[in-house]
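Reviewing the structure listed below.
Numbering (this note's numbering), first residue to last: 109 to 411.
What follows is the structure in structure tokens.
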């Protein structure tokens, strides 16, 4: 019955603390000191004064992505942010996460006191079973497809169709692709066929020297605080991780992935949503301008 009781050793086990939900300084500088109406006015004025290179009339921006990822909602948000009205606009219909609402290829013009120097192109969402035909993607990128063509997943556009442009010029072509996804998911969660289609389309764009960006919607759902404080988007470590993940999946710089919160249930404008939308639009126009400059230069070399 001796007194040799067992000894219990206590060891300090170091556990690295979890990363903070919000950082002290933004991980991306968007060039403003305050998220206020002055910032909105300054960004809106920049976009109103935007002029494409080489004296061209406009640039064309194509929204692509799986269904339900906010393509049409992003257009509506831009339309709202550029307007002097306080009401949220709904020009483009937004669908569910199971079926593509948009079946027609639309080329939208936007106004802010006057018609702006860019066009937003919206088309059918990428689906495993009923997606946009490869030939139609090429027709859009190369400027052959006219606005108003109804995309048929079973058959590509014909050269004799009234909506087929036989001799497109530089201004008819796509100058920037914006891939739309939700920040709350990941590229790897798409099924194999959707990933295959996206990678194929990326290859088409690279071959044509078309700039590409990724727009991540629903960033306000990454962290609860962002539901009411959009200005903290670039302090969020969860948003930062999502941005880095999509940059890796798409083979793009982190700066090419744009966090976004679209207007959804709101009926009136919010300054912070407008700022995020207009800042992202500025980045998109910069990429589109570079692609247009390359196209113009290549055309000049061929003459």
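Built from N, CA and C at the ideal position, the CB exists for glycine as well.
Identity of the residue in the options nearest residue i by Cα
i, options, result
"residue 213", "168, 264 and 259", "259"
"residue 351", "322, 265 and 281", "322"
"residue 272", "325, 279, 280 and 253", "253"
"residue 270", "135, 356, 255 and 277", "255"
"residue 361", "136, 131 and 132", "136"
"residue 222", "243, 187 and 238", "187"
"residue 147", "238, 189 and 276", "189"
"residue 373", "339, 407, 348 and 335", "335"
"residue 316", "278, 267, 235 and 359", "278"
"residue 196", "400, 401, 405 and 370", "370"
"residue 238", "247, 150 and 261", "261"
"residue 131", "291, 349 and 211", "349"
"residue 359", "343, 268, 401 and 314", "314"
"residue 138", "407, 399 and 343", "343"
"residue 291", "399, 219, 158 and 347", "347"
"residue 210", "140, 257 and 300", "257"
"residue 276", "407, 304 and 220", "407"
"residue 158", "140, 141 and 220", "220"
Cβ pair residue i, residue j closer than 8 angstroms
i, j, result
"residue 233", "residue 173", "yes"
"residue 345", "residue 367", "no"
"residue 154", "residue 390", "yes"
"residue 143", "residue 327", "no"
"residue 180", "residue 200", "yes"
"residue 165", "residue 331", "no"
"residue 354", "residue 289", "yes"
"residue 395", "residue 309", "no"
"residue 224", "residue 329", "no"
"residue 265", "residue 235", "no"
"residue 384", "residue 338", "yes"
"residue 295", "residue 249", "no"
"residue 375", "residue 324", "no"
"residue 194", "residue 377", "yes"
Assigned exposure category for residue i - 16 Cβ within 10 Å defines buried
i, result
"residue 403", "buried"
"residue 274", "exposed"
"residue 192", "exposed"
"residue 393", "buried"
"residue 307", "exposed"
"residue 405", "exposed"
"residue 302", "buried"
"residue 399", "buried"
"residue 145", "exposed"
"residue 281", "buried"
"residue 357", "buried"
"residue 133", "exposed"
"residue 247", "buried"
"residue 305", "buried"
Whole-angstrom C-beta distance between residue j and residue i, which should lie under 8 angstroms
i, j, result
"residue 229", "residue 240", "Not really, about 12 angstroms apart at Cβ, beyond 8 angstroms."
"residue 386", "residue 152", "6 angstroms"
"residue 185", "residue 381", "7 angstroms"
"residue 160", "residue 397", "6 angstroms"
C-beta neighbour in chain B for residue i, strict 8 angstroms
i, result
"residue 353", "Of the protein chains in the structure, only one exists, and it is not chain B."
Whether or not the segment 276–289 and the segment 162–172 are in contact is what I'm after, with contact meaning three or more pairs of Cβ atoms, one per stretch, closer than 8 angstroms; do they touch? For the pair of segments examined, the segment 162–172 was found to touch the segment 276–289: the number of CB pairs separated by less than 8 angstroms reaches three.
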